[in-house]
Amino acid sequence: MQKPLLSIIIPVYNEEDNILPLWNELKETLTELPPAEVIFVDDGSRDKSREILRGIAEKDIRIKVIFFQKNSGQTAALGAGVHYAKGEVIVPMDSDLENDPADIKRLLKKMDEGFDVVSGWRRKRWANQRFVRKIPSVIASLMISKITGVPLHDHGCTIKAYKSDIIKQIDFLGEIHRFISVYASWYGATVVEIEVNHRPRIHGVSKYGFGRVPKVVLDLLVAKFMMKYSTKPIHFFGMLGFFSFLFGGLSFLLATFLRFYAHVSYIQTPLLLLTALLFMAGLQFISIGLIADMILRTRGSGYQTYRIKEVINGEVDTVSK
Ligand code: UDP
Ligand code: MG
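Each residue of the sequence shown is one higher than the last, beginning at 59 in the numbering used here.
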């Protein structure tokens, strides 16, 4: 097999009715693309997905399948795919037929203009839907764009093209799959957006419910925190501690002022109690910051988020990050 220039990564979790139609479409598209490998990452499916993947991988050497021991989430699945990918360009996409394989060619064409990341924008996604369905997703993308400083209309879109050396630098921890282009941009990549096709899911069900909303907000918080303080947590906690001490001191001064100029005794107001509380909090914050910094400096951030049982059509390096 030729060295692949392109790696297409497809996480699969209980998508038995989607895999074959997707592979048939993709096979057609591959004829128009540079030499490619297709890496399916089975994220612990419990339906017939595993057998179906095994079946297609036996017939086509371009397909690699990574089977996880158990469901580890879309981020971990993407991370495993990226780790094993050999292509110079990496294109992740969903396995539920919502993304259109025909868009890959257009993403690559845009990349040729000199961008490191070309992000999909499912502009017509809400075309036939009620307006209220559109609002949360628009707000989410606006909020993410504002907070991260990476302006995209559709942060949640999975089909994107990444230069391999950029995406391989990313730590696939937590549920960061919606923020890969954000991290890439923070690492210095040029990011651009093009419109892509979107088709509603026909077979199977979405793996996420409304519960994803607060999780996305928390992941965003982590992303922002990581970007600013990952190498210096003491600055974050230390500042909290500093302000606690400052307000504790002010509270004490105010109590003292009242004591001597207004003859209000120390115990007539809660100010002294507040001082004690703020001093304690300040001490706690600074200690937490010191511990975080010490751990970081002595241990680094190596953490294994998935374990692989088997790899088809590829080398087995079963323990990775
Ligand atoms: N997926 C996965 N592991 C999970 C959840 C989802 O590999 O724990 C895959 C899923 O099979 C699909 C993609 O991630 O290919 C996106 O999931 P889904 O369609 O449920 O998300 P939605 O489109 O509703 O945002
Ligand atoms: Mg989907």
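The beta carbon of each residue, even a glycine, is placed where N, CA and C say it ideally should be.
Name, in chain order, the residues that DSSP records as bridge partners for residue i.
i      : result
Lys218 : Ser177
Pro150 : Ile67
Glu253 : Trp179
Glu368 : Phe125
Asn157 : His256
Can you grab the Cα-Cα spacing for the pair residue i / residue j, in whole Å?
i      : j      : result
Leu166 : Ile68  : 17 Å
Arg180 : Pro159 : 14 Å
Ser378 : Ile344 : Confidence is the limiting factor: at Ser378 the pLDDT is only 44, short of 50, which leaves the residue's position unreliable and the question unanswerable from this model.
Thr376 : Tyr266 : Here Thr376 scores only 47 on pLDDT, less than 50, and its place in the model is too uncertain to base an answer on.
His235 : Leu308 : 45 Å
Phe283 : Phe305 : 24 Å
Asn86  : Lys168 : According to the sequence shown, residue 86 is Glu rather than Asn. Roughly 21 Å between the two C-alpha positions.
Ile260 : Ile77  : 12 Å
Phe38  : Ala242 : It is not possible to answer for residue 38, since the shown part of the chain is limited to 59 through 379.
Ala334 : Pro328 : 10 Å
Lys290 : Asp351 : 6 Å
Val263 : Ser153 : 12 Å
Ala281 : Phe237 : 8 Å
Phe126 : Asp100 : 6 Å
Does any heavy atom of the ligand UDP sit closer than 7 Å to the C-beta of residue i?
i      : result
Ala135 : yes
Glu73  : yes
Arg259 : yes
Asn255 : no
Gly267 : no
Val280 : no
Gln132 : yes
Nearer than 7 Å: is that true of the beta carbon of residue i relative to any heavy atom of the ligand MG?
i      : result
Asp154 : yes
Ser264 : yes
Is it right to say residue i is buried, meaning 16 or more other beta carbons lie within 10 angstroms of its own, or is it exposed?
i      : result
Ser323 : exposed
Can you find a C-beta in chain B that's less than 8 Å from the C-beta of residue i?
i      : result
Val240 : Of the protein chains in the structure, only one exists, and it is not chain B.
- Output the residue ranges of the alpha helix (DSSP H) runs that lie fully inside the segment 67-134 and measure 4 residues or longer, sorted by chain position. 77-88, 107-117
- Could you pull out every unbroken alpha helix (DSSP H) segment of at least 4 residues lying fully inside the segment 269-355, listed in chain order? 270-287, 291-319
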